[in-house]
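Undergrad:
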Amino acid sequence: MLNTLANHGLLPHNGKDISEEDIVDVLGNTLNVAESLAVALYKEAMTTVEDPSATTFSLSDLDRPGILEHDASLSRQDPYFGNDHEFNQKIFDQTKSYWTSPLIDIEEAAEAHEARWNTSKATNPDFNISETGTAFSFGESAAYMLAFEEDENERLPQELGWTKRPFVTTGEILFNLTQRIVNSTVGVTPEVITKLKDFAKANPSFAGSS
């Protein structure tokens, strides 16, 4: 998502020195994300920055392993296999094969996420995902349902006549939709449930911001 916003120059085009103000402004104006949720996302991004005195982050910081970066992307290969930055058509084809309805529903989102998770776990000997990575992995499925109806072209739908959603996306809305996807995931394990609960307790802004 942030890569797409940078590609369109809505965030710094070089992907560097992204500030809290940038995140609040861009997410609010393009996706109607509540300021409190945008600030929470900015704070999570800042956990990937090595300099504790920094007030901005770069997109490259987000790739630091074991924090926000995670395996089983819906459209990228795992870092173990090489370049995990660029869109991977084969992986996205697997994801979208589960989107069989004109409008993606909860069950389809859950099935697509679970398929990518299982494939990654079965083929990547270094498969690993942190508590935060687990939450963001499921949250990304909720986010695309709220923001875009498809992301294969990685371009803002404004180019196709799309306008900002009329409703504000709060942390509570995002978290509740994420929880519904988790609940619809057949093979979700107790370990995953525990990771998500622990993340919610540690990050109340994601479970109840407005």
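Numbering (the working numbering), first residue to last: 11 to 220. Even glycine gets a Cβ: it sits at the ideal position worked out from N, Cα and C.
Who are the Cβ neighbours of L41 in its own chain at under 6 angstroms, not counting the five residues just before and after it?
TA: The residue labelled residue 41 in the question sits at position 31 within the sequence shown. Here the set comprises A157.
Undergrad: Identify every residue that forms a DSSP beta bridge with T179.
TA: Walking along the sequence shown from the start, residue 179 turns up at place 169. DSSP, once it has assigned bridges, lists V43 as partnering T179.
Undergrad: Since A212 and F185 should fall inside the 8 angstroms C-beta cutoff, what is the C-beta to C-beta distance between them, to a whole number of angstroms?
TA: For this step, residue 212 is matched to residue 202 along the sequence shown. For this step, residue 185 is matched to residue 175 along the sequence shown. Going by Cβ atoms, the distance from A212 to F185 rounds to 13 angstroms, so no, they are not a contact pair.
Undergrad: Which two residues bound the contiguous alpha helix (DSSP H) that contains Y108?
TA: Taking the sequence shown and counting its residues from 1, the one referred to as residue 108 is at position 98. Careful: Y108 lies outside any alpha helix (DSSP H) and carries neither H nor E.
Undergrad: Taking all protein chains shown into account, do 16 or more other C-beta atoms lie within 10 angstroms of the C-beta of L227, making it buried, or fewer, making it exposed?
TA: Past the edges of the chain, shown from 11 to 220, lies residue 227, and the structure says nothing about it.
Undergrad: Taking L134 as the reference, which of P176, N98 and F91 has the closest Cα?
TA: For the purposes of this step, residue 134 is taken as residue 124 along the sequence shown, with counting starting at 1. Position check: residue 134 holds Asn in this sequence, whereas Leu was assumed. Nearest of P176, N98 and F91 to N134, Cα basis: F91.
Undergrad: Along the chain, where does the alpha helix (DSSP H) containing I203 start, and where does it finish?
TA: The residue labelled residue 203 in the question sits at position 193 within the sequence shown. Counting along the chain, the alpha helix (DSSP H) containing I203 begins and ends at P200 to A212.
Undergrad: In terms of residue numbering, what span does the alpha helix (DSSP H) encompassing T144 cover?
TA: The count along the sequence shown starts at 1 and reaches residue 144 at position 134. It spans E141 to A157 - the alpha helix (DSSP H) in which T144 sits, taken as one unbroken run.
Undergrad: Less than 7 angstroms between the C-beta atoms of D81 and F146, yes or no?
TA: Indexing the sequence shown from 1 puts residue 81 at position 71. Indexing the sequence shown from 1 puts residue 146 at position 136. No; because the gap between Cβ atoms is not below 7 angstroms, this pair is not in contact.
Undergrad: For I28, write down the residues that DSSP places opposite it in a beta bridge.
TA: Counting from 1 along the sequence shown, the entry for residue 28 is found at position 18. Its beta-bridge partners are F67.
Undergrad: Give every residue of the same chain whose Cβ lies closer than 8 angstroms to the Cβ of I203, excluding the five residues on either side of it in the sequence, and list them in chain order.
TA: Position 193 of the sequence shown holds residue 203. V192, listed in sequence order.
Undergrad: Evaluate G149 with the Cβ neighbour count: other Cβ atoms within 10 Å of its Cβ, from every protein chain shown; 16 or more gives buried, anything less gives exposed.
TA: Residue mapping note: residue 149 aligns to position 139 of the sequence shown, counting from 1. Burial call: buried.
Undergrad: Output the boundary residues of the alpha helix (DSSP H) element that contains I77.
TA: In the sequence shown, the residue the question calls residue 77 occupies position 67. Here I77 belongs to no alpha helix (DSSP H), and DSSP marks it neither H nor E.
Undergrad: Which of the three DSSP states, helix, strand or coil, is assigned to D115?
TA: Locating residue 115 in the sequence shown gives position 105, where the first residue counts as 1. Residue state, collapsed to three classes: coil.
Undergrad: Between T142, S140, T179 and E141, which lies nearest to M155 when the distance is taken from Cα to Cα?
TA: Start at 1 with the first residue of the sequence shown, and residue 155 comes out as number 145. The shortest C-alpha separation from M155 is found at T179.
Undergrad: For the structure I just gave you, are there three or more beta carbon pairs, one from the segment 47–66 and one from the segment 23–33, closer than 8 angstroms?
TA: Taking 8 angstroms as the limit for Cβ pairs, the verdict is that the segment 23–33 does touch the segment 47–66.
Undergrad: Which same chain residues end up closer than 8 angstroms to E124 when comparing Cβ atoms and leaving out the 5 residues on each side of it in sequence?
TA: In the sequence shown, residue 124 corresponds to position 114, counting from 1. Only T195, V196, G197 and V198 meet the Cβ criterion.
Undergrad: Work out the CA separation of N13 and H23 for me, nearest whole Å.
TA: Against the sequence shown, residue 23 aligns to sequence position 13. Against the sequence shown, residue 13 aligns to sequence position 3. Going from the Cα of H23 to the Cα of N13 covers about 9 angstroms.
Undergrad: Measuring alpha carbon to alpha carbon, tell me which residue in E79, A48 and V43 is nearest V59.
TA: Taking the sequence shown and counting its residues from 1, one reaches residue 59 at position 49. Checking every option, the nearest Cα to that of V59 belongs to E79.
Undergrad: By Cβ distance below 7 angstroms, which residues in the same chain neighbour L187 in space, the five residues on each side in sequence not counted?
TA: In the sequence shown, residue 187 corresponds to position 177, counting from 1. If we look at L187 and ignore the five residues flanking it on each side, its Cβ neighbours are A152, M155 and L156.
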